[in-house]
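Novice: A single structure is presented below for examination.
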Amino acid sequence: MTAKPKVWVSRPLFPDVLARLAQYFDVDAEAVERRHSAEELKRKLAGVDAAVLGLTDRVDAAVLEGNQRLRVVANLGVGFNNLDIDALTRAGVLASNTPDVLNESVADFAWALMLAAARRVGAAERWLRAGHWPGSHMRFDDWLGLDLHGRTLGILGMGRIGRGVARRAAGFDMRVLYHNRSRLPDEVERECGAALVSKAELLRQADFLVLVLPFTRENRHAIGAPELAQMKPSAVLVNIARGGIVDDAALAAALREGRLAAAGLDVFEDEPNVHPDLLTLDNVVLCPHIASASEETRRAMASLAADNVVAALGYGEVAGKPPTPLNPAVMARWTASKA
Ligand code: 8YV
3 MTAKPKVWVS RPLFPDVLAR LAQYFDVDAE AVERRHSAEE LKRKLAGVDA
53 AVLGLTDRVD AAVLEGNQRL RVVANLGVGF NNLDIDALTR AGVLASNTPD
103 VLNESVADFA WALMLAAARR VGAAERWLRA GHWPGSHMRF DDWLGLDLHG
153 RTLGILGMGR IGRGVARRAA GFDMRVLYHN RSRLPDEVER ECGAALVSKA
203 ELLRQADFLV LVLPFTRENR HAIGAPELAQ MKPSAVLVNI ARGGIVDDAA
253 LAAALREGRL AAAGLDVFED EPNVHPDLLT LDNVVLCPHI ASASEETRRA
303 MASLAADNVV AALGYGEVAG KPPTPLNPAV MARWTASKA
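Quick note: to get the numbering used here, add 2 to the position in the sequence shown (first position is 1).
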């Protein structure tokens with residue numbers, strides 16, 4: 003009997019998903035959540051046929067150097083800026099991500115942050131828990147926040163998640179503007195009730211600006227000091243995309259100086275570290291990268307990552323056809339180069 007292919011799972015995962023992998027593979031699953039150094043990653047990946055990885059596992063040419071065995075890396079996320087796809091392709095390693103299954107949960111969460119930031123939910127809750135309510139003689143005009151209804155929602159990056167955010171705006175009677183590399187088809191614009199504008203116009207007009215663009219080299223600090231200066235002082239910024247798209251220091255300065263009303267952030271430039279200035283401000287809601295973290299969605303993401311590994315290594319119902327590959331052309335080369 004030939005040995006089963008070996009799979010490394012770099013983070014603790016749902017037991018049923020691990021059990022599915024164990025049907026076909028010899029599974030080495032981490033039981034504790036922690037960061038792996040480049041050397042550790044290199045060593046782990048050299049000894050397996052496939053890996054299920056988290057966003058803190060950075061796979062580049064150096065990590066892949068000399069690796070003769072690895073065939074698949076399945077990323078637990080739709081964003082894959084932790085993976086050097088060119089290097090993986092050159093090394094003959096198939097990469098996959100988890101698109102679509104998280105769209106609606108992440109779109110929901112954009113609204114959670116918009117509402118929480120506008121209506122000061124975090125600060126009010128901290129105040130209540132600190133015991134200030136009794137005896138404070140809370141005034142009728144205390145804790146005033148901003149309304150969402152009737153305002154203009156701006157969306158930067160109008161992919162599947164952005165469209166989900168836009169569709170929900172109808173319930174709040176909001177006008178929706180978006181900016182994207184390309185214009186959406188008419189019927190999609192109609193369905194989302196959204197109109198395309200330039201980035202400058204979006205910054206100028208948005209009362210709520212939600213960032214949903216992928217993190218690439220080009221859009222590092224897409225929202226920095228110059229962009230923040232173009233926004234209304236009464237505006238609310240929400241980032242559910244990636245840290246690094248926003249210049250966190252510039253954002254903290256704008257929030258502190260009243261050049262921006264509030265912000266809701268799920269992602270940060272140096273996760274898990276949050277810029278110390280942001281931590282001192284009450285007009286920003288800070289969450290630890292949890293936009294996709296609903297029970298159903300995280301399960302769906304884990305299953306999809308597992309499905310990609312199972313199928314890519316030639317097992318299961320759709321053997322040979324991983325559902326969400328990022329560099330599918332790699333598979334055609336396997337027969338020739340890797341047995
Ligand atoms: C993370 C995300 O995957 O999908 C993405 O790109 O950023 C999130 O869904 C999740 O937080 C797990 O780390």
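Even glycine gets a Cβ: it sits at the ideal position worked out from N, Cα and C.
Every value quoted in this text rests on a predicted model; they were computed, and no experiment measured them.
Measure the alpha-carbon distance for PRO101 versus VAL108 and round it to whole angstroms.
Specialist: 11 Å
Novice: How long is the line joining the alpha carbons of TYR26 and SER305, rounded to whole angstroms?
Specialist: 14 Å
Novice: Under three-state DSSP, which class holds ARG177?
Specialist: The answer is strand: DSSP assigns ARG177 an E or B state.
Novice: Is it buried or exposed for ARG22, if we count other Cβ within 10 angstroms and need 16 for buried?
Specialist: Within a 10 Å sphere around the beta-carbon of ARG22 sit 16 or more other beta-carbons, which makes this residue buried.
Novice: Using DSSP with H/G/I as helix, E/B as strand and the rest coil, what is ALA31?
Specialist: Strand at ALA31.
Novice: For the segment 195-207 against the segment 171-180, do three or more pairs of beta-carbon atoms, one drawn from each stretch, fall closer than 8 Å, so that the two count as touching?
Specialist: Yes, since at least three Cβ pairs between the segment 195-207 and the segment 171-180 fall closer than 8 Å, the two stretches touch.
Novice: What does the alpha-carbon distance come out to for the pair LEU2 and GLY173?
Specialist: Residue coverage of the chain in this structure runs from 3 to 341, which leaves residue 2 outside it and unanswerable.
Novice: Does ALA243 pass the burial test, meaning 16 or more other C-beta atoms within 10 Å, or should it be called exposed?
Specialist: buried
Novice: Within 10 angstroms of its Cβ, does ALA202 collect 16 or more other Cβ (buried), or is it exposed?
Specialist: exposed
Novice: What is the rounded straight-line gap between the Cα of GLY159 and the Cα of GLY246?
Specialist: 15 Å
Novice: Quick check: what's the CA-CA separation for GLU259 versus PRO235?
Specialist: Distance between GLU259 and PRO235, taken at the CA atoms: about 10 Å.
Novice: Indicate the three-state DSSP secondary structure (helix, strand or coil) for GLY166 in the structure shown.
Specialist: Reduced to three states, the DSSP call for GLY166 is helix.
Novice: Tell me where the beta strand (DSSP E) around LYS323 begins and ends.
Specialist: No beta strand (DSSP E) holds LYS323; DSSP gives it neither H nor E.
Novice: List, from N- to C-terminal side, the alpha helix (DSSP H) runs of 4 residues or more that fit wholly inside the segment 29-77.
Specialist: Qualifying alpha helix (DSSP H) stretches, in chain order: 40-48 and 63-66.
Novice: Between ASP28, VAL11, SER12 and LEU20, which has its C-alpha nearest THR4's C-alpha?
Specialist: ASP28
Novice: Please enumerate, following chain order, all residues with a beta carbon closer than 5 Å to at least one heavy atom belonging to the ligand 8YV.
Specialist: LEU57, GLY79, VAL80, GLY81, HIS291 and SER294
Novice: What span of residues does the alpha helix (DSSP H) with LEU280 cover, start to end?
Specialist: 278-281
Novice: What are the boundary residues of the beta strand (DSSP E) that includes GLY266?
Specialist: 264-267
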